[in-house]
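If you read the sequences in order, they're chains A and B.
Residue numbering for the first sequence is 1 to 200, as defined by full-length UniProt numbering.
Residue numbering for the second sequence is 1 to 460, as defined by full-length UniProt numbering.
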Amino acid sequence: MATTESRQAILDRLTSRVVDANPLPTIDPSRLTTFEDPIAKFAEMLAFVGGEAHQVDRIEEVREILSKNPVFADATRIASVVPAAIQGNVDASQVDDPHALSSLDWVIARGEFMVAENGAIWVDGSTLPHRVMLFIPQYLAIVVSRNEIVSNMHEAYQRIGTPKPGFGVFVSGPSKTADIEQSLVLGAHGCRKLQVFLVP
Amino acid sequence: MGALPIIDHPDASREFVTNKARSHWHDEALWFVRSKRDKQAHSVPEWEYLREQASEVKTHTIANLDRYLVEFEKNATAMGATVHWASDAADHNRIVHQILKDHGTLRIVKSKSMLTEECGLNHYLEDNGIEVVDTDLGERIVQLRHETPSHIVLPAIHIKKEEVGETFHTHLGTDKGASDPQYLTEAARGHLRGKFLSGEIGITGVNFGIADTGGIVVCTNEGNADLGVSLPRVHIACMGIEKLLPRHQDLAIFTRLLARSATGQPITSYTSHFHGPRDANSELHIVLVDNGRSKLRESETFRHALHCIRCGACMNTCPVYRRSGGHSYRTTVPGPIGSVLSPARDSKAHKSLPYACSLCGSCTDVCPVKIPLHHQLLAWRKELVGQDRMPKSKTVPMKAASYLFQHPKLFALAGKAGRTALRWLPHFATHNRLNKWTIARELPLPPKESFRDWYRKNRG
Chain A
1 MATTESRQAI LDRLTSRVVD ANPLPTIDPS RLTTFEDPIA KFAEMLAFVG GEAHQVDRIE
61 EVREILSKNP VFADATRIAS VVPAAIQGNV DASQVDDPHA LSSLDWVIAR GEFMVAENGA
121 IWVDGSTLPH RVMLFIPQYL AIVVSRNEIV SNMHEAYQRI GTPKPGFGVF VSGPSKTADI
181 EQSLVLGAHG CRKLQVFLVP
Chain B
1 MGALPIIDHP DASREFVTNK ARSHWHDEAL WFVRSKRDKQ AHSVPEWEYL REQASEVKTH
61 TIANLDRYLV EFEKNATAMG ATVHWASDAA DHNRIVHQIL KDHGTLRIVK SKSMLTEECG
121 LNHYLEDNGI EVVDTDLGER IVQLRHETPS HIVLPAIHIK KEEVGETFHT HLGTDKGASD
181 PQYLTEAARG HLRGKFLSGE IGITGVNFGI ADTGGIVVCT NEGNADLGVS LPRVHIACMG
241 IEKLLPRHQD LAIFTRLLAR SATGQPITSY TSHFHGPRDA NSELHIVLVD NGRSKLRESE
301 TFRHALHCIR CGACMNTCPV YRRSGGHSYR TTVPGPIGSV LSPARDSKAH KSLPYACSLC
361 GSCTDVCPVK IPLHHQLLAW RKELVGQDRM PKSKTVPMKA ASYLFQHPKL FALAGKAGRT
421 ALRWLPHFAT HNRLNKWTIA RELPLPPKES FRDWYRKNRG
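What follows is the structure, encoded as structure tokens:
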């Protein structure tokens, strides 16, 4: 069946049977959990999902902290969209084909805001030359302002507002799997570690 | 797809159940996941409120599905996506294949999608000369072993790490005898990197479609869906029509419930929102699939099953699933929700599934969208008896019991005979292969008198 015929057939079946239902409910914000110290909750939840949060007072500290990490010190290909923190040596905006980014060791991305209840960070795809940069590097660091935080997912979606064409993702911890006998392994296909830097 | 053979759950589960060590191991593995789910659910004070909201949103959406699908199509198209409609599995497979043909594609990478599994997409494409690589680690393991997933969230939950080691030794050249999950995952990571880089088109399922924005949301922990569709220029997203949510803000409810119910995580590692294709040179195709869903919507009794967000919580908690294994259901979606959905598709082929249930009600308690699962399983039994689909071994004893209960004197006599027999019968008379119930049980010692006798003596 052609897709137009299928479309009509599906819609006909759906309209031929009228089903009564209540109108859409509205969430009552007073029923939702909020946190007095959302930053502390965020750091706790991020640790729970296998990520690391670092509170820094100056953005230069990002480099100082990462430099102490032997994997970062050995990294040869780094792309960054937060040059104030780390000046990368791969300019992803000059890359045409995202396949060329397959050998990236480290990516420094920018987060728009954090969610305390689950340790997630909202990353807007338009801040990156290629969205694969979030998924293809061996290691990922996200820099986010510590003032940009919400308690729960309801506040998060309110904050995102009406989406524009494009891509956005909540990142919560590194890539992981437990498909082999429920043993948790970090670094399935995406980043092996996730570092989050909370800057002023 | 052709008609499936009729398979009774008790027969199909025999091998798994009689392997006591394996059955116990499987039970423990799932109980571990169930316990993690409990911890997460209890950490959210408004958990019950969220379940109610989710249920109300779903009830409203399914009732107005035609309207929301049209709205979704309009908005997704405005975002630059191409929307296709598929009446059934064959339609779905043809549409996907046509897109691949249009691009001269011979290799695809696919993230986990129970819908494509339901439609038999892998086999269809492979028969048409296309290499299909499942990129979810569990699904890749199952694919290399020429098996099917036994669980919708944990596809390889039935396989031991030593067996994964053997499979990887054969196919990926890992060390013989290796069984360390970290080592095996690393090997799969390397192997699948190559597949990701050579994939010409990425296929994903859809966790949520959003009517008022035209966007789709895909949730994974491994990041395989995102990697798979961020390298090639074409992304095909296959979506059951029931996966729709009316408003962008509704995602808040469902992203809070999904991962907590599924694996006991506060949210999946990656919750990706796609609004239109990547750029002007890329394509996003969304295939909306009915395949029996609109028919299920017509049923007053079973309509609520369309609320399902495929979290798997009902299987993790089900005492029958945990001990009999997912393959014993012989369906894409096993466990309690599968036992409701499958007879709706073909009540003859799946007539034994509503009986693979002890009516303990645990599935109903954990369901994040409040599907009254065990009530529906009971309703199915009634339906199946009405359709005359029951074997004599079930209907004859029921009729006999009914006769007995309608004749008090006969009932009293039978009771007396039973109490005497249980006291005097030698062990071999009750414990033999004719009585399956006593395979692992002792019979109770009966009381000397019946309640009726006691009542006549003391209260009469």
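Beta carbons: idealized from backbone N, C-alpha and C, even for Gly.
On a predicted model such as this, the values are computed, not experimentally measured, just so you know.
Span of the alpha helix (DSSP H) around A429 of chain B: Numbered from its first residue, the second sequence carries residue 429 of chain B at position 429. Element bounds for A429 of chain B: 427–430.
S113 of chain B beta carbon less than 7 Å from that of G205 of chain B: For the purposes of this step, residue 205 of chain B is taken as residue 205 along the second sequence, with counting starting at 1. For the purposes of this step, residue 113 of chain B is taken as residue 113 along the second sequence, with counting starting at 1. A contact, by the Cβ cut-off of 7 Å.
9 Å Cβ cut-off: residues of chain A touching R297 of chain B: Position 297 of the second sequence holds residue 297 of chain B. Those are R13, L14, R17, V19, listed as they occur along chain A.
Length at least 4, wholly inside the stretch 107–173 of chain A: the alpha helix (DSSP H) runs in chain order: The DSSP assignment places 153–160 as complete runs of the alpha helix (DSSP H) inside the stretch 107–173 of chain A, in order along the chain (cut-off: 4 residues).
Residue-chain proximity (Q182 of chain A, chain B), Cβ-Cβ < 7 Å: As a position in the first sequence, residue 182 of chain A is number 182, starting the count at 1. Yes - at least one Cβ of chain B is within 7 Å of the one on Q182 of chain A.
M114 of chain B, enclosing alpha helix (DSSP H) - first and last residue: Working through the second sequence from its first residue, we reach residue 114 of chain B at position 114. Counted as a single uninterrupted DSSP element, the alpha helix (DSSP H) harbouring M114 of chain B occupies residues 114–119.
Beta-ladder partner(s) of S272 of chain B, from DSSP: On the second sequence, position 272 is the one that residue 272 of chain B refers to. A:V169, B:V218, per the DSSP bridge assignment.
8 Å Cβ cut-off: residues of chain A touching residue 461 of chain B: Given that chain B is displayed from residue 1 to residue 460, the structure contains no residue 461 of chain B and the question cannot be resolved.
Neighbour-count burial assignment, M398 of chain B, 16 or more Cβ in a 10 Å radius: Working through the second sequence from its first residue, we reach residue 398 of chain B at position 398. Label assigned to M398 of chain B: exposed.
Cβ neighbours of A73 of chain A in the same chain (closer than 7 Å, five flanking residues each side left out): Within the first sequence, numbered from 1, the residue matching residue 73 of chain A stands at position 73. Non-local C-beta neighbours of A73 of chain A in its own chain, meaning closer than 7 Å and more than five positions away in sequence, comprise S67, ordered along the chain.
Partners in chain B for K176 of chain A, counting only beta-carbon separations shorter than 8 Å: For the purposes of this step, residue 176 of chain A is identified with residue 176 of the first sequence, where counting begins at 1. Going along chain B in sequence order, the residues near K176 of chain A (Cβ under 8 Å) are N221, E222, S269.
Close beta carbons around A156 of chain A, own chain, < 8 Å, minus the five adjacent residues each side: In the first sequence, counting from the first residue as 1, residue 156 of chain A sits at position 156. Same-chain partners within the cutoff: F113, V115, A120, W122, V150, F170.
Beta-bridge pairing of C238 of chain B - partner residues as DSSP gives them: Start at 1 with the first residue of the second sequence, and residue 238 of chain B comes out as number 238. Beta-bridge pairing links C238 of chain B to B:V287.
Neighbourhood of F197 of chain A by C-beta, 6 Å cutoff - its chain only, sequence neighbours within 5 removed: If you number the first sequence from 1, residue 197 of chain A lands on position 197. When the five nearest sequence neighbours on each side are left out, the beta carbons in the same chain lying within less than 6 Å of the beta carbon of F197 of chain A are those of H54, V56, V62, V143, in order along the chain.
Pairwise C-alpha distance: V49 of chain A and V132 of chain A: By 1-based counting over the first sequence, the position of residue 132 of chain A is 132. By 1-based counting over the first sequence, the position of residue 49 of chain A is 49. Roughly 22 Å between the two C-alpha positions.
Cβ-based contacts, 8 Å cut-off: residues of the stretch 95–112 of chain A near chain B: Of all residues in the stretch 95–112 of chain A, only P98, H99, S102 place a beta-carbon less than 8 Å from a beta-carbon of chain B.
Under 9 Å by beta carbon: chain A residues contacting T148 of chain B: Counted from its first residue, the second sequence places residue 148 of chain B at position 148. Chain order gives no chain A residues near T148 of chain B, where near means a beta carbon separation below 9 Å; the closest approach is about 15 Å.
Where the stretch 35–55 of chain A meets chain B: residues whose CB sits under 8 Å from a CB there: Answer in chain order: M45, F48, V49.
Same chain only: Cβ atoms within 7 Å of I253 of chain B, ignoring 5 sequence neighbours per side: What you label residue 253 of chain B is simply residue 253 of the second sequence in a count that begins at 1. Excluding residues within five positions, the ones whose Cβ falls inside 7 Å are L50, Q53, A54, V57.
Residues sharing a beta bridge with A19 of chain A, DSSP: Here residue 19 of chain A refers to the residue found at position 19 when the first sequence is read from its first residue. Just to set this straight, residue 19 of chain A is Val in the shown sequence, not Ala. Assignment of beta-bridge partners to V19 of chain A by DSSP yields no partner.
Endpoints, the beta strand (DSSP E) within which D134 of chain B is located: The count along the second sequence starts at 1 and reaches residue 134 of chain B at position 134. Under the DSSP assignment, D134 of chain B falls in the beta strand (DSSP E) whose first and last residues are 131–134.
Assigned exposure category for Q98 of chain B - 16 Cβ within 10 Å defines buried: One-based indexing of the second sequence puts residue 98 of chain B at position 98. When all chains shown are included, Q98 of chain B counts as exposed.
Contact the stretch 334–346 of chain B vs the stretch 365–384 of chain B: 3+ CB pairs below 8 Å: By the C-beta criterion, the stretch 334–346 of chain B is judged to be in contact with the stretch 365–384 of chain B, since at least 3 inter-stretch pairs fall below 8 Å.
Cβ contact (3+ pairs, closer than 8 Å) linking the stretch 78–95 of chain B and the stretch 3–11 of chain A: Cβ pair count under 8 Å is three or more, so yes.
Residues that K176 of chain A bridges to, as DSSP identifies them: Looking up residue 176 of chain A in the first sequence gives position 176. Paired residue(s): A:L186.
Burial state of V217 of chain B (16 or more Cβ within 10 Å): In the second sequence, counting from the first residue as 1, residue 217 of chain B sits at position 217. Around the beta carbon of V217 of chain B, 16 or more other beta carbons sit within 10 angstroms, so the residue counts as buried.
Span of the beta strand (DSSP E), counted from its first residue to its last, around I210 of chain B: To locate residue 210 of chain B, count along the second sequence from 1; it is residue 210. Counting along the chain, the beta strand (DSSP E) containing I210 of chain B begins and ends at 208–210.
Contact set for E148 of chain A: own chain, Cβ-Cβ below 8 Å, skip 5 residues either direction: Stepping through the first sequence from its first residue, residue 148 of chain A is reached at position 148. Excluding positions up to five away in sequence, the list reads G111, E112, F113, M114.
Per DSSP, cross-strand counterpart(s) of T204 of chain B: As a working note, residue 204 of chain B is residue 204 in the second sequence. Under DSSP, T204 of chain B shares a beta bridge with B:A237.
For A3 of chain B, the three-state DSSP class (helix, strand or coil): Your numbering for residue 3 of chain B matches position 3 in the second sequence. Below a pLDDT of 50, predicted positions are generally treated as unreliable, and A3 of chain B, at 48, falls in that range; no measurement from the model is reported.
Residues that K160 of chain B contacts on chain A, provided the C-beta gap is smaller than 7 Å: Against the second sequence, residue 160 of chain B aligns to sequence position 160. Those are E181, listed as they occur along chain A.
Limits of the unbroken beta strand (DSSP E) element including A53 of chain A: Numbered from its first residue, the first sequence carries residue 53 of chain A at position 53. For A53 of chain A, the enclosing beta strand (DSSP E) stretches over residues 52–55.
CA nearest to the CA of K279 of chain B, picked from A:D96, A:L184, A:I59, A:N152: In the second sequence, residue 279 of chain B corresponds to position 279, counting from 1. Note on identity: in this sequence residue 279 of chain B is Asp, with Lys being the wrong assignment. Ranking A:D96, A:L184, A:I59, A:N152 by Cα distance to D279 of chain B puts A:D96 first.
Limits of the alpha helix (DSSP H) - the one that I59 of chain A falls within: What you label residue 59 of chain A is simply residue 59 of the first sequence in a count that begins at 1. According to the DSSP assignment, I59 of chain A belongs to no alpha helix (DSSP H), since it is labelled neither H nor E.
V385 of chain B, enclosing beta strand (DSSP E) - first and last residue: Taking the first residue of the second sequence as 1, we reach residue 385 of chain B at position 385. Where V385 of chain B is concerned, there is no enclosing beta strand (DSSP E), although the alpha helix (DSSP H) around it starts and stops at 373–386.
Nearest candidate by alpha-carbon position, reference A41 of chain B, set B:R14, B:A78, B:P266, B:N128: To locate residue 41 of chain B, count along the second sequence from 1; it is residue 41. That would be B:P266, whose Cα lies nearest to the Cα of A41 of chain B.
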